[in-house]
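Residue numbers (my numbering): 2 to 292.
Structure below.
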């Protein structure tokens, strides 16, 4: 079996990820408008009729903004935990889930697991169809054993690279916001994500989509270069804040779960001190919708 996947949008202005096979698909989060979701799927040649559900990671507005209209217009069930629904302010009859039991949608299996994030009941997901596995790992305050375990099973993954530590440290955000981002329940830095990638990837990891980049505290070229230097055959793609990515496809053979690659003996090569693009950032307003 195979899976198709794309990022329709990724960032604090809205998050929406499409994962499916030739018959059915799910959206993980819907943080852009219904109209924009439809427009981007149409540009990619994706059929909204194949989308069978929306899976919600947590209640922050950049992950749920489009759900009420999208779910009603297309009659889509919304899978959401009780605590997330209670804190979301959405008025809908959600289908509740927990990390104890996978969600079955046709031939798709969605395995939720709890993550560290500043939300009521946040989850990441591993989506499977046969042997094909795609992970959605964003809005993560710090790596944990669950993240390592599920990342090691992936043939492709959306992996958060929210901020460059130096850009955050030297940037214009107030200290309380900087501490919120890097305080263990906020977001993954580039280097934290790189460590996850290097330690827990397998030989079958064909694609990594670097996701949820901060507009003010990261640089797409910088983080793409960082991961590309260590890619070793994995395709590295930056998921954009204002446009969809291409649709990617994985079709692994019916084989046992691959063994982990050996952990590199050398130290991770951290990026050289980043050059802040002061001329571009000088007049930007501070965004507070980071979660």
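Backbone N, C-alpha and C define an ideal beta-carbon position, used for all residues, glycine too.
Alpha-carbon spacing of residue i relative to residue j, whole angstroms
i	j	result
residue 24	residue 238	25 angstroms
residue 209	residue 38	22 angstroms
residue 135	residue 152	9 angstroms
residue 257	residue 82	Its pLDDT being 42, under 50, residue 257 is placed unreliably in this model, and the coordinates cannot settle the point.
residue 171	residue 106	45 angstroms
residue 18	residue 6	7 angstroms
residue 165	residue 31	26 angstroms
residue 147	residue 41	32 angstroms
residue 138	residue 12	13 angstroms
residue 245	residue 87	30 angstroms
residue 229	residue 249	18 angstroms
residue 206	residue 35	32 angstroms
residue 1	residue 2	The question about residue 1 has no answer, for the chain in this structure spans 2 to 292.
residue 75	residue 160	28 angstroms
residue 60	residue 227	31 angstroms
residue 202	residue 154	8 angstroms
residue 21	residue 48	11 angstroms
residue 261	residue 57	Below a pLDDT of 50, predicted positions are generally treated as unreliable, and residue 261, at 38, falls in that range; the measurement from the model is reported next regardless. Each residue's Cα considered, the two are about 29 angstroms apart.
residue 108	residue 51	12 angstroms
residue 54	residue 84	19 angstroms
residue 247	residue 15	18 angstroms
residue 91	residue 98	17 angstroms
residue 199	residue 234	13 angstroms
residue 232	residue 195	10 angstroms
residue 141	residue 78	25 angstroms
residue 73	residue 66	13 angstroms
residue 214	residue 130	28 angstroms
Limits of the unbroken alpha helix (DSSP H) element including residue i
i	result
residue 225	221 to 229
residue 201	191 to 201
residue 152	146 to 152
residue 166	166 to 171
residue 38	35 to 45
residue 93	Here residue 93 belongs to no alpha helix (DSSP H), and DSSP marks it neither H nor E.
residue 178	176 to 183
Environment of residue i [buried if 16+ CB atoms lie within 10 Å]
i	result
residue 102	exposed
residue 123	buried
residue 157	buried
residue 144	buried
residue 187	buried
residue 204	exposed
residue 94	exposed
residue 29	buried
residue 243	exposed
residue 132	buried
residue 193	buried
residue 113	buried
residue 116	buried
residue 120	buried
residue 44	exposed
residue 27	buried
Span of the beta strand (DSSP E), counted from its first residue to its last, around residue i
i	result
residue 188	Where residue 188 is concerned, there is no enclosing beta strand (DSSP E), given that its DSSP letter is neither H nor E.
residue 113	109 to 115
residue 1	There is no way to answer for residue 1, as the model of the chain reaches only from 2 to 292.
residue 17	17 to 21
residue 236	236 to 239
residue 250	249 to 251
Coil, strand or helix - residue i by DSSP
i	result
residue 65	helix
residue 57	coil
residue 161	strand
residue 81	coil
residue 308	Outside the shown range of the chain, which is 2 to 292, sits residue 308, and nothing can be said about it.
residue 76	coil
residue 218	coil
residue 10	strand
residue 290	A caution first: residue 290 carries a pLDDT of 39, below 50, which makes its placement in the model too unreliable to give a value.
residue 50	helix
residue 71	helix
residue 86	helix
residue 133	strand
residue 207	coil
Chain B contact for residue i (CB, 8 angstroms cutoff)
i	result
residue 125	Absent from the structure: chain B. Only one protein chain is present.
heavy atom of the ligand SAM below 7 angstroms from residue i C-beta
i	result
residue 3	What this structure holds is no ligand at all, so the ligand SAM is not there to describe.
Item to check | Validate contact between the segment 92 to 102 and the segment 163 to 176 using beta carbons, cut 8 angstroms, 3 pairs | outcome: no
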